[in-house]
Amino acid sequence: MTLTHPAYEQLRQVTPSAAVVLADNPSGMTLQGTNTWLLRAPGATEYVVVDPGPEDRKHTEALVHETGGNIALTLITHKHHDHTGGIDHLVEATGTPVRAKDSEFLRGRGAHLTDGEVIEVAGLRITVLATAGHTEDSHSFLLDGPDGEQALLTGDTVLGSGTTVLESWDGALAAYLDSLDRLMAVAPGRTLLPAHGPDHADAEPVIRYYLAHRQERLNQVRAALEKLGPKAEAPHIVAEVYADVDKRLWPAAQSSVEAQLDYIRSRG
């Protein structure tokens, strides 16, 4: 029987070179859970892991079992604990080097990720793309495999369903819109492999939706400012714009609204 999303702690092959093990950590923020991607070209003996997932022994054991512990490299899309909590368990079990933007997550011979660099490993060509917005350290990866296989691993920059939350650092939304433009430029013909939610055979329409959604939210925030006054604070705008959203998600929405306010007010 062919597995479909969600399939917890089981290897689900998505493309010839990309399989996923879904961590059993569902929540309002992680959707069905965190996707850990296992990459290798057909016939290759070693794997690349993208995001070891949460600090959960069962999840780590599933990764070790499915890879046989033969992990040439682990890549981190961004700093959040549901992606990085399992790093040390995986390193302890396999000795994998770990690469990330943030020094906190480097292990072994792992070096900082560099925007635009190309990593040749496990029979694959992986191109690093800096895609800040969700977090300052967010990265995506272009996967080019044998026989013209193409995929795009987007971390939390683009999810398999719904939309992502932005941290409220200065310039977050401007950076995120630039990141979406970068991803749109490389999306045609690529399979979308997100860190949460289901994969998609075609990344382009999903990213196009994300761009349209951000413009829609900006317009809603502008409308709220006209109604509530130009000095309205984020919590009041959240209550106006996200009135139909579960209030338990409002704190996360507030972070995105703060990023949108910074974007609007920095442009006068």
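Take the UniProt record's numbering: the final residue in the sequence shown is number 268, and no numbers are missing along the way.
By construction, the Cβ of each residue, glycine as well, lies at the ideal position given by its N, Cα and C atoms.
Sort out for me which residues DSSP pairs residue i with in a bridge.
i, result
"His200", "Leu192"
"Leu75", "Val50 and Arg99"
"Lys21", "The sequence as given places Val at residue 21; Lys does not occur at that position. In DSSP, Val21 forms a bridge with Leu11 and Thr36."
"residue 287", "With the chain covering only 1 through 268, there is no way to say anything about residue 287."
Just reading off the beta strand (DSSP E) that residue i is part of, what are its end residues?
i, result
"Val49", "Tyr47 to Val50"
Considering just the uninterrupted stretch of the alpha helix (DSSP H) at residue i, what are its terminal residues?
i, result
"Gln10", "Counting along the chain, Gln10 falls outside any alpha helix (DSSP H), and DSSP gives it neither H nor E."
"Ala62", "Arg57 to Thr67"
"Ala252", "Trp250 to Ser266"
"His83", "His81 to Thr84"
"Ala41", "No alpha helix (DSSP H) holds Ala41; DSSP gives it neither H nor E."
"Thr94", "Ile87 to Thr94"
"Pro230", "Segment: none, Pro230 is in no alpha helix (DSSP H) and carries neither H nor E."
"Val241", "Ala234 to Val241"
Quick check on the burial criterion: 16 or more other C-beta atoms within 10 angstroms. Buried or exposed for residue i?
i, result
"Gln215", "exposed"
"Asp51", "buried"
"Ser17", "buried"
"Gly229", "exposed"
"Gly95", "exposed"
"Gln32", "buried"
"Asp56", "buried"
"Tyr209", "exposed"
"residue 271", "With the chain running from 1 to 268 in the structure shown, residue 271 is simply not present."
"Thr45", "exposed"
"Val238", "buried"
"Ser27", "exposed"
"residue 280", "This structure leaves residue 280 out entirely; the chain is present only between 1 and 268."
"Arg217", "buried"
"Arg267", "exposed"
"Ala122", "buried"
"Thr131", "buried"
"Arg265", "exposed"
"Ala212", "exposed"
"Asn219", "exposed"
"Thr4", "exposed"
### Query
At which residue ranges does the region 105-189 contain complete beta strand (DSSP E) runs of 3 or more residues, listed in the order of the chain?
Runs of the beta strand (DSSP E) inside the region 105-189: 118-121, 124-130, 139-144 and 150-155.
### Task
Would you check if there are 3 or more beta carbon pairs closer than 8 Å linking the region 93-104 to the region 136-144?
The region 93-104 makes contact with the region 136-144, as at least three CB pairs between them are under 8 Å.
### Message
Check whether the region 75-92 and the region 37-54 are in contact - that is, three or more C-beta pairs closer than 8 Å.
### Response
Touching, yes, given that three or more Cβ pairs across the two stretches are closer than 8 Å.
### Task
Flag this pair as touching only if the region 241-250 and the region 193-201 have three or more C-beta atom pairs under 8 Å; answer yes or no.
Pairwise C-beta distances place the region 241-250 out of contact with the region 193-201, as fewer than three of them are shorter than 8 Å.
### Query
Any chance the region 103-115 sits against the region 145-159, with 3 or more Cβ pairs inside 8 Å?
Segment contact: the region 103-115 against the region 145-159, fewer than three CB-CB distances shorter than 8 Å; contact not assigned.
### Query
Are there three or more Cβ pairs, one per stretch, closer than 8 Å when the region 169-179 is compared with the region 252-262?
A contact exists between the region 169-179 and the region 252-262.
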